[in-house]
Amino acid sequence: MSIYQLTRENIVYRWDDGVRSTIPTSDSPMAPNTNPDYIAYMAWIAAGGVPEPADPVPATEVWERIKAERDRRKYLGVKIGENWFHSDDASRIQQMSLMLMGQAMPAGIQWKTLTSAPPPVFVTMTPALALSIFNATAASDMAVFAAAEAHRVAMEASADPGAYDFTGGWPVSVEDELHTVHRD
Numbered sequence: 001m002s003i004y005q006l007t008r009e010n011i012v013y014r015w016d017d018g019v020r021s022t023i024p025t026s027d028s029p030m031a032p033n034t035n036p037d038y039i040a041y042m043a044w045i046a047a048g049g050v051p052e053p054a055d056p057v058p059a060t061e062v063w064e065r066i067k068a069e070r071d072r073r074k075y076l077g078v079k080i081g082e083n084w085f086h087s088d089d090a091s092r093i094q095q096m097s098l099m100l101m102g103q104a105m106p107a108g109i110q111w112k113t114l115t116s117a118p119p120p121v122f123v124t125m126t127p128a129l130a131l132s133i134f135n136a137t138a139a140s141d142m143a144v145f146a147a148a149e150a151h152r153v154a155m156e157a158s159a160d161p162g163a164y165d166f167t168g169g170w171p172v173s174v175e176d177e178l179h180t181v182h183r184d
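Numbering (full-length UniProt numbering), first residue to last: 1 to 184.
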């Protein structure tokens, strides 16, 4: 007797005597699924069959997703006053170099800010601004790390780690600010 099991992908597993077969389940009027295994599965469903649930998403997999979001957010900029500044690795190195120059920094450096639309916005880089960017980057890194750890703890305490929603609770980024502007 066949046992069907849902998956988290767009397929169903059919188990026959411990042997697993994969059945693709994509089906639409424009591209009907003519796979005989799929047709048999749909007939089984129509006859009242109920597939086994998908295997739960392991907490380790969710933690990897949280870490990926943490790492992505690390590069979404830092805000100083009204301006956002890049926080990718290359920008961090440049900003740190300027901060280390201190008062020896050449005067009049025009620094491009992180903007979403033309025209680009440039500001005059100063030792104080370079130090502010450095400090904001360190604070942002700590806040993003703390948010990820809070999500990890909450996810691990959840009855269903795979259903844990970690999309909120992060420090505000340029991306979040842009979404807010476009919604208003």
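Backbone N, C-alpha and C fix where the C-beta goes; we use that ideal spot for every residue, glycine too.
Model, not experiment: these values are computed from the prediction.
*Chain-order list of residues whose beta-carbon lies under 6 Å from that of Ala54 (same chain, five-residue window excluded)*: Working through the sequence shown from its first residue, we reach residue 54 at position 54. Same-chain partners within the cutoff: Leu6, Thr7 and Arg8.
*Residue burial classification, Lys74 (beta-carbon count within 10 angstroms, cutoff 16)*: Residue numbering aside, residue 74 sits at position 74 when the sequence shown is read from its first letter. Lys74 should be labelled buried.
*When the distance is taken between beta carbons, is Met125 closer than 8 Å to Trp111?*
As a position in the sequence shown, residue 111 is number 111, starting the count at 1. As a position in the sequence shown, residue 125 is number 125, starting the count at 1. Yes.
*For Trp84, collect the residues of the same chain with a Cβ closer than 8 Å to its Cβ; drop the 5 residues on either side in sequence, then sort them by chain order.*
Taking the sequence shown and counting its residues from 1, one reaches residue 84 at position 84. So the list reads Gly77, Val78, Thr113, Leu114, Thr115, Val174 and Glu177, once near-sequence residues are dropped.
_Reduced DSSP secondary structure (H/G/I, E/B, other) of Phe166_ = Here the question's residue 166 lines up with position 166 in the sequence shown. In the structure shown, Phe166 sits in coil (DSSP, three-state: anything other than H, G, I, E or B).
*asked:* What does the Cβ neighbour count give for Ser21, buried or exposed, with the cut at 16 atoms within 10 Å?
replied: Within the sequence shown, the letter at position 21 stands for residue 21. Its Cβ having fewer than 16 others within 10 Å, Ser21 is exposed.
*asked:* Along the chain, where does the alpha helix (DSSP H) containing Asp89 start, and where does it finish?
replied: Residue 89 sits at position 89 when you count from the first residue of the sequence shown. Counting along the chain, the alpha helix (DSSP H) containing Asp89 begins and ends at Asp89 to Met101.
*asked:* I'd like to confirm the pairing. Which residues does DSSP put opposite Leu6 in its beta bridges?
replied: As a position in the sequence shown, residue 6 is number 6, starting the count at 1. Beta-bridge pairing links Leu6 to Val12.
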